[in-house]
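Below is one structure, written out as structure tokens; the observations come after it.
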Amino acid sequence: MQRLDEYVHAGGKLLRCGCTTGTCAAAATRAAADLLLGGTCLPAVVVQTPAGIDVLVDIEEAQEGAGWACCAVQKDAGDDPDVTDGVMVYARVSCADEQGVAIDGGVGVGRVTKAGLDQPVGAAAINSVPRRMICGAARASARQHSYDGGLAVEISIPAGVELAERTFNPRLGIEGGISVLGTSGIVRPMSEDALVASIAAELSVLRATGADHVLVVPGNYGRDYAQDVLGLDVRQAVTCSNYLGATIDEAARLGFLSMLVVGHLGKMVKVAGGIMNTHSRVADCRAEVFAAHAAMAGASQDVVQAIMEASTTDAMVAIVHEAGVLDQTMQSLMARLRRVLAQRAGGALCVDAVVFSNKYGLLGASIGGIS
């Protein structure tokens, strides 16, 4: 198993990064395609990740037959406490009559059963970025071996059948296995103590420059929205990950006067419910909170029931939009969010929020106490 030579400093510790299941699937695909089209399997292949880091990944298993080849990679999650660390990820590549690269999931890869997820109902739970990586790996092999026919790729993670029970996948509407995920291709360690210490260090450095105001984003979605849509300078934005409560506490302690949080509804609806650590392993009250505010906005029992059965916040927004109570629901939710943030800040600083959805755009804003 190849160890990724990439580290992050956090909380005085040096933590090793790992590879996402998407990177593993792409590596296995490249190796299997090379074996199928070129007749040889190298002991390791290079995967270009969306994060811009090239990863050398060891190939653990390889086999072939008439018109197909299969290779496997063992996932290395680095120092991240990932339940999929060490699992084997297989890619079976075969020649296809139709042009292009067809991607599907096999044993241990979940199947989407509810609308509103990254993939449509019935599709394998292989998200968009991993699909692009897998497709790119297959096409790169085809170019190298001057092959102009079609390829079919099946990704399997046998251990995923059992591991799925330790995730939120069944509740989200993903049945039969785990999801193939990863937006950057790299797993960055999620040690809670280390991450909170890292956030505190960032805030301290920013405060030392004389800054009174801090822009906070939970992750890449918030950062991109703040920059691309709101036109904000994100060069000194602090990423709080799941730890908004600890971030507010530290900003108050350091003497910041104000904070603007730009976050996706999926996380901010949890915060409106009083959840200050938004990791799914800690709590997932999205449907309950959203349904409560929809009910207060006049939504019918059927609408509330539909929200409770929805698998994503985008799906919830679609439901209240169709019912004609989206604006009222968000006004109620934003009012609650303001109170929760103010309560956590304890009067030490002013915390405003912008809440958005990648699909529906701006949903609510609390700026200067006005939503």
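Numbering-wise (my numbering), the sequence shown opens with residue 2 and increments by one.
Glycine included, every Cβ here is placed at the ideal spot set by N, Cα and C.
T21 and V48 closer than 7 Å at C-beta: As a first step, residue 21 is located in the sequence shown; it is residue number 20 there, counting from the start. As a first step, residue 48 is located in the sequence shown; it is residue number 47 there, counting from the start. Cβ distance not < 7 Å, so T21 and V48 don't count as in contact.
Inter-stretch contact (C-beta, 8 Å, three-pair minimum) for the stretch 208-217 and the stretch 153-165: Counting C-beta pairs closer than 8 Å gives fewer than three between the stretch 208-217 and the stretch 153-165, which falls short of the contact rule.
Close-in-space but distant-in-sequence residues of the same chain around D98 (CB under 7 Å, 5 per side omitted): The count along the sequence shown starts at 1 and reaches residue 98 at position 97. So the list reads G151, once near-sequence residues are dropped.
Buried or exposed by the 16-neighbour rule on C-beta atoms within 10 Å, applied to D55: Residue numbering aside, residue 55 sits at position 54 when the sequence shown is read from its first letter. Classification for D55: exposed.
Close-in-space but distant-in-sequence residues of the same chain around S367 (CB under 7 Å, 5 per side omitted): For the purposes of this step, residue 367 is taken as the residue at position 366 of the sequence shown. Hits under 7 Å: M335, L338, R339, D353, A354.
Inter-stretch contact (C-beta, 8 Å, three-pair minimum) for the stretch 183-190 and the stretch 124-135: Segment contact: the stretch 183-190 against the stretch 124-135, three or more CB-CB distances shorter than 8 Å; contact assigned.
Counted within 10 angstroms of its Cβ, other Cβ atoms place N170 as buried (16 or more) or exposed: Position 169 of the sequence shown, counted from the start, is the residue given in the question as residue 170. Taking all protein chains in view, the Cβ of N170 is crowded by 16 or more other Cβ atoms within 10 Å, so the residue is classified as buried.
Opposing strand residues paired with E251 [DSSP bridges]: Here residue 251 corresponds to residue number 250 of the sequence shown, with the count starting at 1. None; E251 has no bridge partner.
Separation of M89 from V341, as counted between CA atoms: Residue numbering aside, residue 341 sits at position 340 when the sequence shown is read from its first letter. Residue numbering aside, residue 89 sits at position 88 when the sequence shown is read from its first letter. C-alpha separation (whole angstroms): 43 Å.
Local Cβ density within 10 Å of I371, reported as buried at 16 or more and exposed below that: Mapped onto the sequence shown, residue 371 falls at position 370. Any reading at I371 must be qualified, since the residue scores a pLDDT of 38, below 50, and its modelled position is unreliable; no value is offered.
Rounded Cβ spacing between V215 and A252 (contact assumed at less than 8 Å): Position 214 of the sequence shown, counted from the start, is the residue given in the question as residue 215. Position 251 of the sequence shown, counted from the start, is the residue given in the question as residue 252. 6 Å between Cβ atoms; contact.
Residues near A343 by beta carbon distance below 7 Å, same chain, minus five either side: If you number the sequence shown from 1, residue 343 lands on position 342. Within the same chain, Cβ atoms closer than 7 Å to the Cβ of A343 are found at V352, the five residues on either side in sequence being excluded.
Range of the contiguous alpha helix (DSSP H) that encloses A346: The residue you call residue 346 lines up with position 345 of the sequence shown. For A346, the enclosing alpha helix (DSSP H) starts and ends at 327-346.
Secondary structure of G137, DSSP reduced to three states: Walking along the sequence shown from the start, residue 137 turns up at place 136. Residue state, collapsed to three classes: helix.
Unbroken alpha helix (DSSP H) run spanning C402, endpoints: Since the first and last residues shown for the chain are 2 and 372, residue 402 lies out of range.
Sufficient close CB pairs (3 or more, under 8 Å) joining the stretch 243-257 to the stretch 312-329: With the rule of 3 Cβ pairs closer than 8 Å, the stretch 243-257 does not count as touching the stretch 312-329.
Distance between V94 and G111 (C-alpha atoms, nearest Å): By one-based count along the sequence shown, residue 111 stands at place 110. By one-based count along the sequence shown, residue 94 stands at place 93. Computed Cα separation, rounded: 19 Å.
Residue nearest to K380 in terms of C-alpha spacing, selected from T313, Q329, Q332, G109: Past the edges of the chain, shown from 2 to 372, lies residue 380, and the structure says nothing about it.
Length-filtered (4 minimum) alpha helix (DSSP H) runs lying within the stretch 186-260: Here the runs fully enclosed are 193-209, 221-229, 245-255.
Exposure of P190, with buried meaning 16 or more beta-carbon neighbours within 10 Å: For this step, residue 190 is matched to residue 189 along the sequence shown. That one is buried.
C-beta contact flag for R224 and V206 at 7 Å: Translated into the one-based positions of the sequence shown, residue 224 becomes position 223. Translated into the one-based positions of the sequence shown, residue 206 becomes position 205. No; because the gap between Cβ atoms is not below 7 Å, this pair is not in contact.
Distance between beta carbons of A34 and S142, contact taken as under 8 Å: Looking up residue 142 in the sequence shown gives position 141. Looking up residue 34 in the sequence shown gives position 33. Rounded to whole angstroms, the Cβ separation of S142 and A34 is 4 Å, and the two are in contact under 8 Å.
7 Å Cβ shell around S242 - same chain, five flanking residues per side excluded: Counting from 1 along the sequence shown, the entry for residue 242 is found at position 241. Around S242, the same chain offers L196, P219, G220 as residues with beta carbons nearer than 7 Å, after the five sequence neighbours per side are excluded.
Below-7 Å beta-carbon distance, V356 vs any chain C residue: Although the question refers to chain C, the structure presented lacks it and comprises just one protein chain.
Whole-angstrom distance between M309 and D77, CA atom to CA atom: By one-based count along the sequence shown, residue 77 stands at place 76. By one-based count along the sequence shown, residue 309 stands at place 308. D77 and M309 have their C-alpha atoms roughly 36 Å apart.
DSSP three-state assignment for I179, whether helix, strand or coil: The sequence position of residue 179 within the sequence shown is 178, counting from 1. Three-state result, I179: strand.
Pair within 7 Å by beta-carbon distance, V270 and R287: Position 269 of the sequence shown, counted from the first residue, corresponds to residue 270. Position 286 of the sequence shown, counted from the first residue, corresponds to residue 287. Yes, Cβ-Cβ distance for V270 and R287 is below 7 Å.
For L363, three-class secondary structure by DSSP: Indexing the sequence shown from 1 puts residue 363 at position 362. Three-state result, L363: strand.
Which of helix, strand or coil DSSP assigns to A265: Here residue 265 is taken as the residue at index 264 of the sequence shown, counted from 1. Looking at the sequence itself, residue 265 is His, so the reference to Ala does not match. Correct three-state label for H265: strand.
Endpoints, the beta strand (DSSP E) within which C96 is located: Counting from 1 along the sequence shown, the entry for residue 96 is found at position 95. Judged by DSSP secondary structure, C96 falls within the beta strand (DSSP E) whose first and last residues are 89-97.
Beta strand (DSSP E) segment containing D105, residue limits: Numbered from 1 along the sequence shown, position 104 holds the residue referred to as residue 105. D105 -> beta strand (DSSP E) spans 102-106.
Straight-line gap, V1 to D229 (C-alpha atoms, nearest Å): Residue 1 lies beyond the range of the chain shown here (2 to 372); nothing can be said about it.
Bridge partner(s) assigned by DSSP for Y8: Reading the sequence shown from its first residue, position 7 is the one you call residue 8. Paired residue(s): R17.
Residues bridged to G151 (per DSSP): Counted from its first residue, the sequence shown places residue 151 at position 150. DSSP, once it has assigned bridges, lists A97 as partnering G151.
Pair within 7 Å by beta-carbon distance, C96 and A63: Counting from 1 along the sequence shown, the entry for residue 96 is found at position 95. Counting from 1 along the sequence shown, the entry for residue 63 is found at position 62. A distance of 7 Å or more separates the beta carbons of C96 and A63.
Complete runs of the alpha helix (DSSP H) confined to the stretch 275-313 [at least 4 residues]: Inside the stretch 275-313, DSSP marks whole alpha helix (DSSP H) runs of 4 or more residues at positions 287-297, 302-310, from first to last along the chain.
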